[in-house]
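Encoded as structure tokens, the structure appears first; notes follow it.
Residue numbers (my numbering), protein chains in the order written: chain A, 1 to 113; chain B, 1001 to 1111.
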């Protein structure tokens, strides 16, 4: 069964460093999303991406964040200068169309020290 | 701005009995509702969904009920099995837009 994959599973970084989280969505999907879950809190939407551009973003997704689809398979989330409060599980999701179910990857645990 | 609320943080049910998980939402524009199951250190796994044009959707042991007038949905698991023990998230949104998640209900099914 096709699935969303994410790498790395765990990333530890120093405050102020840049990190790139990688995702490989399901191959025939066209809509891509990033969510995050801070420990003990709910899953929060960050950004959605379609047709090589951001289609929607939350207030969390500020200028420190960017997304890219560098090739036909990867979808990346970059955090330019990490802060302590960026520590969270980051989930990538994809869907076939905007009206279809979003399928989630296993997540990347980001720890900012 | 909690648009999706799961008021029960935990639920314990005996194996073989029915588990009922509840969810309330506030945004009347939401037209798509989903339940996800999540194990620790894993991503949410899609379970079942329902669109606003229906009031019930069934898939095996899982049934989701939607009451639009009350802005309430519920997930029924019958019969409950120990392997169902996980955190269940309700999510809602407008088709094509971001999903809004509840805080989750931790279900424990005891033998």
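We put the CB at the ideal spot given by N, CA and C, even for glycine. Being a predicted model, the structure only gives us computed values, none of them experimental.
Nearest to residue 89(A) by alpha-carbon distance, out of 39(A), 5(A), 82(A), 59(A), is 39(A). Where residue 98(A) is concerned, there is no enclosing beta strand (DSSP E), because DSSP gives it neither an H nor an E. Where residue 33(A) is concerned, the enclosing beta strand (DSSP E) starts and stops at 31–37.
For residue 102(A), the C-beta contacts it makes with chain B under 7 Å involve 1099, in order along the chain.
Residue 54(A) and residue 1058(B) have their C-alpha atoms some 34 Å from each other.
Membership of residue 1070(B) in any beta strand (DSSP E) is not indicated, and neither H nor E is assigned to it by DSSP. At least one C-beta of chain B is nearer than 8 Å to the C-beta of residue 56(A). Sorting 62(A), 23(A), 45(A), 1(A) by C-alpha distance to the C-alpha of residue 9(A) places 23(A) at the top. Look at residue 1058(B): its C-beta is not under 8 Å from any C-beta on chain A.
Straight-line measurement puts the Cα of residue 104(A) at about 23 Å from the Cα of residue 1082(B). Between the alpha carbons of residue 107(A) and residue 1062(B) lies a distance of about 25 Å. Taking 8 Å as the cut-off, the beta carbon of residue 1004(B) is found no closer than this to the beta carbon of residue 1070(B). Contacts with chain A at 8 Å (Cβ-Cβ) include residue 1034(B). One thing to note: residue 1031(B) has its Cβ no nearer than 8 Å to the Cβ of residue 1049(B). Distance check between residue 60(A) and each of 73(A), 45(A), 51(A) places 45(A) closest, using alpha-carbon atoms only.
Chain B places a beta carbon closer than 8 Å to that of residue 99(A), counting this residue as a contact.
Membership of residue 1058(B) in the beta strand (DSSP E) is indicated by the continuous run 1056–1059. Under the three-state reduction of DSSP output, residue 1099(B) falls in the coil class, being neither helix nor strand. Of all residues in the region 1038–1069 of chain B, only 1041, 1042, 1043, 1044, 1045, 1046, 1049 come within less than 8 Å of chain A when Cβ atoms are compared, listed by chain position. Residue-level contact by beta carbon fails for residue 1071(B) and chain A, as no gap is shorter than 8 Å. Contact of residue 105(A) with chain B is assigned, a C-beta pair being separated by under 8 Å. Between residue 48(A) and chain B, the shortest Cβ-Cβ separation is below 8 Å. Using a C-beta cut-off of 8 Å, the region 1021–1030 of chain B makes no contact with the region 1039–1047 of chain B, since fewer than three inter-stretch Cβ pairs fall below that distance.
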